[in-house]
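>
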Amino acid sequence: MYNTKTGVLTERKSLIKHIHIGYRYQLYAEMFGLLELGYKVNKLQLHSLQDNKKYPIPLPNQQRIQEFTSTIQDLQNFDPISILQNNHTSPNTNISIYQNLSF
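Residue numbers are given in the working numbering: position 20 of the sequence shown equals residue 400, and the series is strictly consecutive.
1) Residues in its own chain within less than 6 Å of residue 419 by CB, not counting five upstream and five downstream?
2) Under 8 Å by Cβ, that's how I've got residue 390 and residue 425 pegged, so tell me the actual separation to the nearest angstrom.
3) Beta-carbon separation of residue 407 and residue 430 under 7 Å?
4) Quick one: Cα of residue 416 to Cα of residue 432, how far?
5) Cβ atoms of residue 404 and residue 437: under 7 Å apart, would you say?
Spelled out as C-alpha coordinates, the structure:
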(Lines of atoms letter the chains of each structure in order from A; the text may use other names.)
(Lines give C-alpha, C1' and ligand atoms only; values in the text may rest on other atoms or scores of the structure.)
Protein backbone atom coordinates (compact mmCIF):
# COMPACT_ATOMS: atom_id res chain seq x y z
CA MET A 381 0.00 0.00 0.00
CA TYR A 382 1.48 3.36 -1.05
CA ASN A 383 0.52 6.69 0.50
CA THR A 384 0.96 9.31 -2.21
CA LYS A 385 0.91 12.18 0.30
CA THR A 386 3.63 10.90 2.62
CA GLY A 387 5.57 8.61 0.28
CA VAL A 388 5.26 5.71 2.74
CA LEU A 389 5.19 2.22 1.23
CA THR A 390 3.58 -0.34 3.53
CA GLU A 391 3.44 -4.09 3.03
CA ARG A 392 0.71 -5.73 5.11
CA LYS A 393 1.03 -9.25 6.49
CA SER A 394 -1.39 -11.21 8.66
CA LEU A 395 1.06 -11.69 11.51
CA ILE A 396 4.75 -10.88 11.61
CA LYS A 397 6.78 -12.87 14.11
CA HIS A 398 10.09 -12.45 12.32
CA ILE A 399 11.14 -10.05 9.57
CA HIS A 400 12.23 -12.41 6.82
CA ILE A 401 14.54 -11.26 4.04
CA GLY A 402 11.73 -12.03 1.58
CA TYR A 403 9.55 -9.38 3.24
CA ARG A 404 12.36 -6.90 2.78
CA TYR A 405 12.90 -7.93 -0.84
CA GLN A 406 9.18 -7.65 -1.56
CA LEU A 407 9.24 -4.05 -0.33
CA TYR A 408 12.37 -3.32 -2.37
CA ALA A 409 10.74 -4.69 -5.53
CA GLU A 410 7.62 -2.60 -4.93
CA MET A 411 9.77 0.45 -4.18
CA PHE A 412 11.79 0.11 -7.39
CA GLY A 413 8.55 -0.32 -9.34
CA LEU A 414 7.15 2.88 -7.87
CA LEU A 415 10.41 4.74 -8.52
CA GLU A 416 10.33 3.56 -12.12
CA LEU A 417 6.82 5.01 -12.43
CA GLY A 418 8.06 8.35 -11.08
CA TYR A 419 6.81 8.13 -7.49
CA LYS A 420 8.99 9.13 -4.56
CA VAL A 421 9.33 6.61 -1.74
CA ASN A 422 10.37 8.19 1.55
CA LYS A 423 9.83 5.31 3.94
CA LEU A 424 9.29 1.54 3.96
CA GLN A 425 7.39 -0.37 6.61
CA LEU A 426 5.77 -3.69 7.37
CA HIS A 427 2.38 -3.80 9.07
CA SER A 428 1.37 -6.84 11.10
CA LEU A 429 -2.42 -6.86 10.95
CA GLN A 430 -3.31 -9.22 13.81
CA ASP A 431 -1.38 -7.31 16.45
CA ASN A 432 -1.42 -3.96 14.60
CA LYS A 433 2.35 -3.47 14.87
CA LYS A 434 4.39 -1.53 12.35
CA TYR A 435 8.02 -2.31 11.63
CA PRO A 436 10.11 0.33 9.88
CA ILE A 437 12.42 -1.03 7.19
CA PRO A 438 15.38 1.19 6.26
CA LEU A 439 15.63 2.28 2.65
CA PRO A 440 18.20 0.04 0.97
CA ASN A 441 21.81 1.19 0.94
CA GLN A 442 24.24 0.21 -1.81
CA GLN A 443 25.12 -3.12 -0.12
CA ARG A 444 21.44 -4.10 0.28
CA ILE A 445 20.74 -3.17 -3.34
CA GLN A 446 23.65 -5.36 -4.46
CA GLU A 447 22.37 -8.29 -2.36
CA PHE A 448 18.86 -7.81 -3.80
CA THR A 449 20.21 -7.62 -7.36
CA SER A 450 22.32 -10.73 -6.80
CA THR A 451 19.27 -12.65 -5.55
CA ILE A 452 17.27 -11.62 -8.62
CA GLN A 453 20.12 -12.80 -10.87
CA ASP A 454 20.28 -16.11 -8.99
CA LEU A 455 16.54 -16.57 -9.54
CA GLN A 456 16.86 -15.75 -13.23
CA ASN A 457 19.70 -18.28 -13.60
CA PHE A 458 18.01 -21.02 -11.57
CA ASP A 459 17.53 -24.25 -13.50
CA PRO A 460 15.23 -26.72 -11.72
CA ILE A 461 15.92 -29.42 -14.31
CA SER A 462 19.59 -29.54 -13.31
CA ILE A 463 18.57 -30.28 -9.74
CA LEU A 464 16.33 -33.13 -10.86
CA GLN A 465 19.04 -34.55 -13.14
CA ASN A 466 21.59 -34.50 -10.32
CA ASN A 467 19.35 -36.62 -8.05
CA HIS A 468 19.22 -33.88 -5.48
CA THR A 469 18.42 -35.08 -1.98
CA SER A 470 17.85 -33.02 1.09
CA PRO A 471 18.47 -34.11 4.67
CA ASN A 472 15.32 -32.19 5.59
CA THR A 473 13.14 -34.61 3.62
CA ASN A 474 14.83 -37.87 4.60
CA ILE A 475 12.57 -38.32 7.62
CA SER A 476 9.48 -36.70 6.10
CA ILE A 477 6.34 -38.56 5.10
CA TYR A 478 6.67 -36.63 1.82
CA GLN A 479 10.13 -38.04 1.11
CA ASN A 480 8.95 -39.93 -1.99
CA LEU A 481 7.41 -36.76 -3.38
CA SER A 482 10.48 -34.62 -2.83
CA PHE A 483 13.23 -34.34 -5.34
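Don't be surprised by glycine CBs; every beta carbon is placed ideally from N, CA and C.
Answer, in terms of the structure:
1) none
2) 5 Å
3) no
4) 30 Å
5) yes
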